[in-house]
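Residue numbers (the working numbering): 894 to 1312.
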């Protein structure tokens, strides 16, 4: 469902194709099984045994095919982290980054090896590198602890965005911290806390549109509104700060929110009988966003968080804009054809994207989770008629009327000329 899963599959296909594999045997479901059971590279496939492949849930014929390839696979010792790092350097050079920050590269190798393995194109390599640059280094972590009372560690969710970091607050509660850009530069100062950090204007400017949207949507919202309980915090790095990981002096902003069990995209399919209640929570979240004159513009399963009680919370306001403003970013796969960059954002786009996300969840629940792309996407986006066609498929799978009714209501709310 998410871009990282697509990257993982493409990485495995490339590795298998180079060694004469019959790719028609490797559908998305089997590629996911390989990846999820740590058969993520040539080295792992070289060491594979029948017992492990069988435990991963692969069919016998495919296991035989993989084992037959072992003779053409390089020895395990020939593949390792430095091979993938070399490839990353080459891809970054192709993206015109000739001298990447060495500390950032080593951070990727040490903490984000699965993303390093999956980065097989200039686009994915550049995305990985730019996300890693946002990660705090040791001195930045020390300042976050000193000024915000937060002990920060690595990514909160495996194989997800590096920008979501796990943290522990002063009360011992796990939290999620998302570092934001832009940084507001400051003039020289003699203290690490920096006098600019006490300036309301400086704090408000740091973090850009995402911080502004988060403040407007979450600060002071009614408790019953199922948006993530997020708030924007700021901290200052003084002129004497040593920028090991590309963090220079300035006022930084970050979004702080509770630690959730995961996202809808990363967890097993939701039982169909509880999907209408989950949909209703997202309806209430969008109604609040639209009431305060915003459009989310990136409603998808990756941005819906689930707590330990099974409740859904809509988050990630990096694409949110004022109603009628130009769209700055969105996930085109889930958007209608009219939701192009620079087009005016309207609430109907959010309802369309929620309908797509929830139809995908229903498809996952009836065993069609590996078919949603071919069923829904056309021309890089999802037209309304494809959603309706998918609903007919779900009806044919004897999906309950209550579920279908909740999905149809989203499609109706999304109806607008041109969508």
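No residue lacks a Cβ here, since even glycine has one placed at the ideal position from N, Cα and C.
| said: Counting C-beta neighbours from all protein chains within 10 Å, is the total for residue 1112 16 or more, i.e. buried, or is it exposed? | reply: Position 219 of the chain shown, counted from the start, is the residue given in the question as residue 1112. It counts as exposed.
| field | Stretch-stretch touch, CB-based, cutoff 8 angstroms, three pairs: the stretch 1010-1021 with the stretch 1061-1072 | value | no
| said: Nearest by alpha-carbon distance to residue 1141: which of 1104, 1133 and 1147 is it? | reply: Position 248 of the chain shown, counting from 1, holds the residue named residue 1141. Residue 1133 is the option with its Cα nearest to residue 1141.
| query | So, is residue 1254 buried or exposed, given that buried needs 16 or more other C-beta atoms within 10 angstroms? | reply | Translated into positions along the chain shown, residue 1254 becomes position 361. It is buried - the Cβ of residue 1254 has at least 16 other Cβ atoms within 10 Å.
| field | Start and end residues, alpha helix (DSSP H) containing residue 1275 | value | For the purposes of this step, residue 1275 is taken as residue 382 along the chain shown, with counting starting at 1. First-last for residue 1275: undefined, no H or E at that position.
| task | Determine the burial state of residue 878: buried for a count of at least 16 other Cβ atoms within 10 Å of its Cβ, exposed for fewer. | result | Since the displayed the chain opens at 894 and closes at 1312, residue 878 lies outside it and no answer follows.
| request: For residue 1156, count neighbouring Cβ atoms within 10 angstroms of its own Cβ and tell me buried if that reaches 16, exposed if not. | output: Taking the chain shown and counting its residues from 1, the one referred to as residue 1156 is at position 263. Result: buried.
| task | State the Cα-Cα distance for the pair residue 954 and residue 994, rounded to the nearest angstrom. | result | For the purposes of this step, residue 954 is identified with residue 61 of the chain shown, where counting begins at 1. For the purposes of this step, residue 994 is identified with residue 101 of the chain shown, where counting begins at 1. One C-alpha to the other measures close to 45 angstroms.
| task | Figure out for me which residue from 1270, 1215, 998 and 1040 has the closest Cα to the Cα of residue 1187. | result | By one-based count along the chain shown, residue 1187 stands at place 294. The residue with the shortest Cα to Cα distance from residue 1187 is 1215.
| request: Specify, as a first and last residue, the run of the beta strand (DSSP E) that residue 1239 falls within. | output: The count along the chain shown starts at 1 and reaches residue 1239 at position 346. DSSP places residue 1239 outside any beta strand (DSSP E), giving it a letter other than H or E.
| Nearest neighbour of residue 1105, chosen from 1074, 1269, 1033 and 997 [CA to CA] | The residue you call residue 1105 lines up with position 212 of the chain shown. 1074 is the residue among 1074, 1269, 1033 and 997 whose C-alpha sits nearest the C-alpha of residue 1105.
| query | Taking the alpha helix (DSSP H) that residue 962 falls in, what are its first and last residues? | reply | Mapped onto the chain shown, residue 962 falls at position 69. Where residue 962 is concerned, the enclosing alpha helix (DSSP H) stretches over 953-962.
| message | Output needed for residue 1174: all residues of its chain with C-beta closer than 6 angstroms, excluding positions within five of it in sequence on either side, in chain order. | response | Residue 1174 sits at position 281 when you count from the first residue of the chain shown. Excluding residues within five positions, the ones whose Cβ falls inside 6 angstroms are 1119 and 1205.
| Less than 8 angstroms separating the beta-carbons of residue 1197 and residue 1248? | The residue you call residue 1197 lines up with position 304 of the chain shown. The residue you call residue 1248 lines up with position 355 of the chain shown. No, the Cβ-Cβ distance between residue 1197 and residue 1248 is not below 8 angstroms.
| said: I need the straight-line Cα distance from residue 1347 to residue 1307, nearest angstrom please. | reply: The question about residue 1347 has no answer here: the residues shown for the chain are numbered 894 through 1312.
| request: Provide the residue(s) that pair with residue 1120 in DSSP beta bridges, ordered along the chain. | output: By one-based count along the chain shown, residue 1120 stands at place 227. 1207, per the DSSP bridge assignment.
| query | How would you call residue 1291, buried or exposed, if buried means at least 16 neighbouring beta carbons within 10 angstroms? | reply | For the purposes of this step, residue 1291 is identified with residue 398 of the chain shown, where counting begins at 1. Per the 10 Å Cβ criterion, exposed.
| Would a C-beta distance cut-off of 8 angstroms place residue 1028 and residue 1000 closer than the cut-off? | Along the chain shown, one-based indexing puts residue 1028 at 135. Along the chain shown, one-based indexing puts residue 1000 at 107. Yes, the Cβ-Cβ distance between residue 1028 and residue 1000 is below 8 angstroms.
| request: Could you tell me the distance, in whole angstroms, from the CA atom of residue 1250 to the CA atom of residue 1131? | output: Taking the first residue of the chain shown as 1, we reach residue 1250 at position 357. Taking the first residue of the chain shown as 1, we reach residue 1131 at position 238. Between residue 1250 and residue 1131, the alpha-carbon positions lie close to 43 angstroms from each other.
| message | For a quick check, are the C-beta atoms of residue 904 and residue 1011 less than 8 angstroms apart? | response | Taking the first residue of the chain shown as 1, we reach residue 904 at position 11. Taking the first residue of the chain shown as 1, we reach residue 1011 at position 118. In this structure, residue 1011 lies closer than 8 angstroms to residue 904 by Cβ.
| message | Going residue by residue through the stretch 1149-1219, where are the continuous alpha helix (DSSP H) segments of at least 4 residues, counting only ones entirely within it? | response | Fully enclosed alpha helix (DSSP H) runs of 4 or longer: 1168-1184.
| According to DSSP, is residue 1050 helix, strand or coil? | The residue given as residue 1050 occupies position 157 in the chain shown. Correct three-state label for residue 1050: coil.
| query | Got a sec? Which residues, its chain only, sit under 6 angstroms from residue 1304 by beta carbon, not counting five neighbours each side? | reply | Residue 1304 sits at position 411 when you count from the first residue of the chain shown. Excluding residues within five positions, the ones whose Cβ falls inside 6 angstroms are 1248 and 1280.
| query | Just curious, the alpha helix (DSSP H) that residue 1002 is in, first and last residue? | reply | Residue numbering aside, residue 1002 sits at position 109 when the chain shown is read from its first letter. Taken as a continuous stretch (DSSP letters only), the alpha helix (DSSP H) holding residue 1002 covers 995-1004.
| query | Looking at the structure shown, is residue 1264 part of a helix, part of a strand, or coil, going by DSSP? | reply | Here residue 1264 corresponds to residue number 371 of the chain shown, with the count starting at 1. Note: residue 1264 maps to coil in three-state DSSP.
| query | Among the residues of its own chain, which have a CB less than 7 angstroms from the CB of residue 1296, if the five just before and after it don't count? | reply | For the purposes of this step, residue 1296 is taken as residue 403 along the chain shown, with counting starting at 1. Listed in chain order, the non-local C-beta contacts of residue 1296 below 7 angstroms within the same chain comprise 1165, 1168, 1169 and 1255, local neighbours out to five positions each way being set aside.
| Nearest-angstrom Cα separation, counted from residue 1263 out to residue 925 | By one-based count along the chain shown, residue 925 stands at place 32. By one-based count along the chain shown, residue 1263 stands at place 370. Taking the straight line joining both Cα atoms gives about 10 angstroms.
| Bounding residues of the alpha helix (DSSP H) (the contiguous stretch that carries residue 1102) | For the purposes of this step, residue 1102 is taken as the residue at position 209 of the chain shown. Residues 1101-1111.
| query | In three-state DSSP terms, what is residue 913? | reply | By one-based count along the chain shown, residue 913 stands at place 20. Note: residue 913 maps to coil in three-state DSSP.
| request: Pull up the DSSP beta-bridge partners for residue 1143, would you. | output: Taking the first residue of the chain shown as 1, we reach residue 1143 at position 250. Paired residues: 1130.
| Cβ-based neighbour list, residue 971, same chain, cut-off 7 angstroms, excluding 5 preceding and 5 following | Locating residue 971 in the chain shown gives position 78, counting from the first residue. Confidence in residue 971 is poor, its pLDDT being 45 and thus under 50, which makes the residue's placement unreliable; the coordinate value appears in the next sentence. So no residue of the chain qualifies.
| request: Return yes when the Cβ of residue 1077 is within less than 8 angstroms of the Cβ of residue 1147, no when it is not. | output: Counting from one through the chain shown, the residue named residue 1147 turns up at place 254. Counting from one through the chain shown, the residue named residue 1077 turns up at place 184. Taking 8 angstroms as the Cβ cut-off, residue 1147 and residue 1077 do not qualify as a contacting pair.
| Collapsed DSSP secondary structure at residue 1291 in the structure displayed | Position 398 of the chain shown, counting from 1, holds the residue named residue 1291. Coil, per DSSP.
| query | If you draw a straight line from the C-alpha of residue 991 to the C-alpha of residue 1176, how long is it? | reply | Looking up residue 991 in the chain shown gives position 98. Looking up residue 1176 in the chain shown gives position 283. Cα-Cα distance, rounded: 46 angstroms.
| message | Run through the DSSP bridge pairs and tell me what residue 1071 is partnered with. | response | Here residue 1071 refers to the residue found at position 178 of the chain shown. 1057 and 1148.
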